[in-house]
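Per the working numbering: the sequence shown = residues 44 to 253.
Glycine included, C-beta positions come from ideal geometry on N, C-alpha and C.
Keep in mind that this is a model prediction, so the values were computed, not measured.
Here's the structure we're looking at; comments come further down.
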Amino acid sequence: MSAPRPDELPLFPLGLVLLPGELLPLHIFEERYKRLIRHCRDTGESFGIVWRQQDELAEFACTARLRTVLREYEDGRLDVVVRGEERVRILAAIVPEDIEFESLRAEVEILLEEGPEPAEELKAEVETLFREIVRLGEAAGEPELSEEYPLSYAIAHQLEMEPALKLRLLSLGGEAERLDLLVDVLRTVMERLELLKEREDAIRGNGHAR
44 MSAPRPDELP
54 LFPLGLVLLP
64 GELLPLHIFE
74 ERYKRLIRHC
84 RDTGESFGIV
94 WRQQDELAEF
104 ACTARLRTVL
114 REYEDGRLDV
124 VVRGEERVRI
134 LAAIVPEDIE
144 FESLRAEVEI
154 LLEEGPEPAE
164 ELKAEVETLF
174 REIVRLGEAA
184 GEPELSEEYP
194 LSYAIAHQLE
204 MEPALKLRLL
214 SLGGEAERLD
224 LLVDVLRTVM
234 ERLELLKERE
244 DAIRGNGHAR
């Protein structure tokens, strides 16, 4: 497999959105992606994971780097774990001559962080809302928020978010914008959890939901 030019990135289209810092297990079974993963394992290069809806690719994607090969099967299939790294914008897709054996590629633009730093009050509100949601959800243990990546990503990694919402988060270039979005998301989630808990308490109390 030939190495891509610096402005090109091999793509792995999936029905999901990967965020920077997020760990993602993958089962690799198509020949083109087996070749891609072996190439990345040998060279240490990254590839792009992009959300695909039917035949349309999202404009924004995330680079992924191989972290671990969990299992390699006799027929060449692999179970691996990758980690999201950088946001990219897809400028143009490049279709290989043999799509069965070569992955799709794209000309991409690496996106840097932009905009003002978020206010400490905003960061505190997002973290408080998140920990309250964990409490209401009766999750085991205290969640750990990695400081290696921005707080917005560290929290989003632990939420079950629809691909469209994750893509919107990925498209935002600044941490303040991402935290503003998460405030709205977390408030909505908390309202639903509080309502559910009220109904459960009512059922336990008298056998009838109000």
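Checklist entry - Ends of the alpha helix (DSSP H) at phenylalanine 173? => result Start and end: 163-179.
Checklist entry - Considering isoleucine 92, what are the terminal residues of the beta strand (DSSP E) in which it resides? => result Counting along the chain, isoleucine 92 sits inside the beta strand (DSSP E) bounded by residues 90-96.
Item to check | leucine 61 vs glycine 127 beta-carbon contact at 8 Å | outcome: Leucine 61 places its beta carbon less than 8 Å from that of glycine 127.
Item to check | Chain-order list of residues whose beta-carbon lies under 6 Å from that of glycine 217 (same chain, five-residue window excluded) | outcome: Contacts found: Glu157, Gly158.
Checklist entry - In chain order, what residues of the same chain lie with their CB nearer than 6 Å to the CB of lysine 209, ignoring the 5 residues before and after it? => result Val60, listed in sequence order.
Checklist entry - Going straight from the alpha carbon of glutamate 205 to that of alanine 101, what length do you get? => result Each residue's Cα considered, the two are about 14 Å apart.
Item to check | Supposed close pair leucine 154, valine 125 - CB separation, criterion 8 Å | outcome: No, leucine 154 and valine 125 are not in contact; Cβ-Cβ is about 19 Å, not under 8 Å.
Item to check | leucine 52 - containing alpha helix (DSSP H), residue span | outcome: Not the alpha helix (DSSP H): leucine 52 falls in the beta strand (DSSP E), residues 51-57.
Item to check | N- and C-terminal bounds of the beta strand (DSSP E) containing isoleucine 153 | outcome: For isoleucine 153, the uninterrupted beta strand (DSSP E) run begins and ends at 148-153, by DSSP.
Checklist entry - Between glutamate 51 and the rest of its own chain, which residues show a CB-CB distance below 8 Å, the 5 nearest in sequence each way excluded? => result So the qualifying residues of the chain are Ile137, Arg148, Ala149, Glu150, Val151.
Item to check | Inter-residue CB distance, leucine 54 and glycine 91 (contact presumed, cutoff 8 Å) | outcome: Indeed they touch by this definition, with Cβ atoms about 5 Å apart.
Checklist entry - Can you check whether the CB of leucine 225 is closer than 8 Å to the CB of valine 177? => result No, the Cβ-Cβ distance between valine 177 and leucine 225 is not below 8 Å.
Item to check | Three-state class that DSSP yields for histidine 200 in the structure shown | outcome: Here histidine 200 carries a coil assignment [DSSP, helix/strand/coil].
Checklist entry - So, are the CB atoms of glutamate 164 and alanine 219 less than 8 Å apart? => result No, they are not a contact pair.
Next on the checklist: Between which residues of its own chain and arginine 84 is the CB-CB distance below 7 Å, once the five residues before and five after are set aside?
Outcome noted: The answer, listed in chain order, is Leu109, Val112.
Checklist entry - How is arginine 84 classed by DSSP in three states: helix, strand or coil? => result Three-state DSSP puts arginine 84 in a helix.
Next on the checklist: Helix, strand or coil for arginine 120? Go by DSSP, reduced to three states.
Outcome noted: Here arginine 120 carries a coil assignment [DSSP, helix/strand/coil].
Item to check | For leucine 179 and glutamate 237, the rounded distance between their alpha carbons | outcome: If you take the alpha carbons of glutamate 237 and leucine 179, they lie about 7 Å apart.
Checklist entry - Leaving out the 5 sequence neighbours to the left and right, which residues in its chain are closer than 6 Å to threonine 193 when beta-carbon positions are compared? => result With the sequence shown as reference, residue 193 is identified as proline, and threonine is not the correct amino acid for it. Close CB contacts of proline 193 within its chain, under the 6 Å cut and outside five residues either way in sequence, are with Glu218 (chain order).
Checklist entry - Can you tell me the Cα-Cα spacing of leucine 215 and glutamine 97, whole angstroms? => result Leucine 215 and glutamine 97: Cα-Cα distance of roughly 24 Å.
Checklist entry - Smallest Cα separation from leucine 121: which of Ser195, Leu79, His70, Asp223? => result Among Ser195, Leu79, His70, Asp223, the Cα nearest to that of leucine 121 belongs to His70.
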